[in-house]
Amino acid sequence: MKAKILVTGGCGFIGSHTVVELMEQGYEVIIVDNLSNSSIEVLDGIKGIVGKAPEFYNVDCLDYVSMEKLFTEHPDIQGIIHFAASKAVGESVEKPLLYYRNNIGSLVNLLELMAEHHVPNIVFSSSCTVYGQPDAEHLPVDETAPVKKALSPYGNTKQINEEIICDQAHANEELRAIILRYFNPIGAHPSALIGELPNGVPQNLLPFVTQTAAGLRKQLKIFGNDYNTPDGTCIRDYIYVVDLAKAHVKAIERMLAKDTKDHVEVFNLGTGKGVSVLELVNTFMAVTGVNIPYEIVSRREGDIEQVWAKPDKANTVLGWKADTPLSEVLASAWKWEKKVRHIN
Ligand code: UFG
């Protein structure tokens with residue numbers, strides 16, 4: 314058995330896939346999740362893939378007393394991967410205080426407990442949202458591109474969290490942090506035992522596409538085709554969630570091997586390839602043979618025109634690459650949606 318790793322938000326979309334990769338590599342995993350945006354059945358999915366369930370605590374990271382108890386019960390935790398956070402951009406505009414309380418309070422609690430219990434290593438889930446719309450000279454975007462004023466309270470919490478980590482690393486000699494800035498995670502585990510299960514009407518593109526394919530939604534709305542891009546629709550860097558999960562294992566390995574060069578390291582996690590909304594929808598139709606009815610509507614407020622990663626630093630320093638073909642990724646998302654909706 315390798316080191317013991319605490320994964321907050323381990324029942325969520327990226328969290329559950331990361332737990333699987335960690336357990337498959339022999340790590341002992343403890344999940345902390347308050348199930349506010351995930352379900353307990355995810356543990357069965359994980360067990361179905363790796364053969365055993367991780368230890369699970371139904372605890373909110375804001376609950377300092379329960380978290381303290383957990384840290385006391387597990388004095389041998391060697392690293393933390395912190396996913397637990399609220400993540401809906403639109404909701405954050407309506408309920409900013411909920412986002413500031415959840416996303417900032419839980420990180421502050423964790424960093425305090427880490428200092429108190431001498432847990433040195435944290436991997437933090439951040440987002441390419443911190444770059445906003447990068448200037449043309451910064452596309453594809455690497456880690457040196459300027460952080461821009463956030464367009465939503467959600468984005469702001471990611472920026473503030475990154476700053477909190479840097480300040481704490483400055484103050485606490487023992488702390489090592491790896492900040493991972495994700496581009497657009499999509500897809501599901503090839504087993505279709507875990508995947509993405511958004512609450513209500515999906516805000517993100519691919520879940521809306523798969524739900525349309527499954528007949529839950531009548532028509533996809535494509536938000537604008539008058540952008541300054543080759544086909545007029547927005548461009549993103551869609552990264553397979555299993556590839557993304559593997560990057561977390563690499564980050565943990567790097568920290569445990571004490572290979573980190575700085576107290577805080579930042580990595581962009583993307584494929585390096587930009588894909589437009591229309592390209593994604595057309596590829597989905599070609600791969601699955603299912604038609605997606607769509608209409609072009611006006612732009613969505615706050616959308617960024619184009620952003621994709623320069624993942625060279627993660628490729629060379631972490632020894633990691635997102636290389637699953639888009640067709641395979643889209644097929645995995647459809648397989649999962651069919652399973653959830655009982656479609657043959
Ligand atoms: N889109 C549509 N129709 C839909 C949904 C999305 O056309 O029904 C388009 C969007 O306009 C955008 C693209 O598909 O051009 C991708 O949209 P997503 O909502 O899937 O992803 P975003 O890039 O807007 O947002 C994601 C995460 C955020 C994160 C942000 C960082 O969901 O949490 O990346 O840029 F902040």
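If you're matching positions, the sequence shown starts at 314 in the working numbering and goes up one per residue.
All residues carry an ideal CB built from backbone N, CA and C; glycine is no exception.
Exercise for the section: Would you decide whether residue 513 is buried or exposed? Buried here means 16 or more other CB atoms lie within 10 Å of its CB. Expected result: exposed
Problem - Residues bridged to residue 434 [DSSP beta-bridge criterion] - result: 392 and 489
Practice task
For the segment 322-359, list the alpha helix (DSSP H) runs that are entirely contained and at least 4 residues long, ordered along the chain.
Solution key: 326-337
Practice task
Enumerate in chain order the residues of its own chain whose CB-to-CB distance from residue 361 is below 6 angstroms, with the five nearest sequence positions on each side excluded.
Solution key: 506
Exercise for the section: Say yes only if the C-beta of residue 455 is nearer than 7 angstroms to one or more non-hydrogen atoms of the ligand UFG, and no if none qualify. Expected result: no
Practice task
Can you say whether residue 532 is buried or exposed, counting buried as having 16 or more other CB atoms within 10 angstroms of its CB?
Solution key: exposed
Practice task
Spell out the partners DSSP gives residue 622 in its beta bridges.
Solution key: 454
Practice task
Quick one: using the 10 Å Cβ neighbour count with 16 as the cut-off for buried, is residue 342 buried or exposed?
Solution key: buried
Exercise for the section: Consider the C-beta atom of residue 468 and the heavy atoms of the ligand UFG; say whether any pair is separated by less than 7 angstroms. Expected result: yes
Handout entry: residue 579 versus residue 657: straight-line alpha-carbon distance, rounded
Key = 42 angstroms
Handout entry: Three CB pairs or more closer than 8 angstroms across the segment 426-440 and the segment 375-394
Key = yes
Practice task
For residue 586, collect the residues of the same chain with a Cβ closer than 7 angstroms to its Cβ; drop the 5 residues on either side in sequence, then sort them by chain order.
Solution key: 550 and 621
Problem - Whole-number beta carbon distance between residue 520 and residue 645, since they are thought to touch under 8 angstroms - result: About 13 angstroms separates the two Cβ atoms, so there is no contact after all.
Exercise for the section: Answer yes or no: do residue 509 and residue 492 have a C-beta to C-beta separation smaller than 8 angstroms? Expected result: no
Problem - Through-space distance from residue 344 to residue 374, alpha-carbon basis - result: 11 angstroms
Exercise for the section: Return yes when at least one heavy atom of the ligand UFG lies under 7 angstroms from the C-beta of residue 399, else no. Expected result: no
Exercise for the section: Would you tell me roughly how many angstroms separate the C-alpha atoms of residue 537 and residue 615, rounded to the nearest one? Expected result: 12 angstroms
Problem - Buried or exposed (CB count within 10 angstroms, at least 16 for buried), residue 385 - result: exposed
Problem - CB of residue 647 within 8 angstroms of CB of residue 601, strictly - result: yes
Problem - Cβ neighbour criterion (16 or more within 10 Å) applied to residue 353 - result: exposed
Handout entry: Three-way DSSP call (helix, strand, coil) for residue 473 in this model
Key = helix
Problem - Residue burial classification, residue 378 (beta-carbon count within 10 angstroms, cutoff 16) - result: exposed
Practice task
Would you identify the three-state DSSP class for residue 498, choosing helix, strand or coil?
Solution key: strand
Practice task
Counting only runs of 4+ residues fully inside the segment 521-598, write out the alpha helix (DSSP H) ranges in chain order.
Solution key: 554-569
Problem - Extent of the continuous alpha helix (DSSP H) run through residue 642 - result: 639-653
Handout entry: contact_flag[the segment 569-577, the segment 482-489] where n(CB pairs < 8 angstroms) is 3 or more
Key = yes
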